[in-house]
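Here's the structure we're looking at; comments come further down.
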């Protein structure tokens, strides 16, 4: 009986060992599948159509850049429009007064120049008259010379008067041209204010003009 029992144990051991060998020799059935989140490995020498930097850089989302608005002029409130209109009208008045001041100064300079020219002319005429009187001691010759001198002096003064009239006429033309230009600019200025827009800077009086 002991011998039989020993044989049974041997058989059981052989069967157990055979089962273990089969288990170790077969592939694992419950092996976990590769995660779908794992990136595929690219061979080192595999060709690629994109630069290396493009393969590793993340794709940035497209950004819509803000472009200039169709109309960049800021809008104005009624109070701002009224204030701008007041300042513009005052600027036009100052511009016209500045022109009138320059014209008065120019006319004053012309008068001073004419006065200096007349004095120089008279000085030269006195020299020539004394010389003539020395050379012509008779009364009739001297009287004829004096009469001719008075005519020439009158013509010289008339020529200066003509210069003054011409200068005045030129100044009137310039002043009227400025007034017409101011009317045009004021009209454009007011039209911009009616649209609640800031009028262009070119409408304002420019320095030196």
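Residue numbers (my numbering): 29 to 237.
C-beta atoms are modelled at their ideal positions from N, C-alpha and C, and glycine is treated no differently.
Note on residue 227: 16 or more other CB atoms within 10 angstroms of its CB, so buried under the neighbour-count rule. If you draw a 10 Å sphere on the C-beta of residue 234, you find fewer than 16 other C-beta atoms in it, and that means exposed. Counting C-beta pairs with one atom in each stretch, the region 198 to 205 and the region 113 to 122 have fewer than three that are closer than 8 Å, which means they do not touch. C-alpha of residue 131 to C-alpha of residue 193: approximately 13 Å in a straight line. When the Cα atoms are used, residue 158 and residue 174 turn out to be separated by approximately 11 Å. When the five nearest sequence neighbours on each side are left out, the beta carbons in the same chain lying within less than 8 Å of the beta carbon of residue 117 are those of 214, in order along the chain.
For the pair residue 153 and residue 177, the CB atoms are nearer than the 8 Å cut-off.
Counting only the Cα atoms, residue 156 lies some 12 Å from residue 164.
In this structure residue 104 is in contact with residue 224, their Cβ atoms being roughly 5 Å apart against a cut-off of 8 Å.
Distance from the CA of residue 142 to the CA of residue 195, rounded to the nearest whole angstrom, comes to 13 Å.
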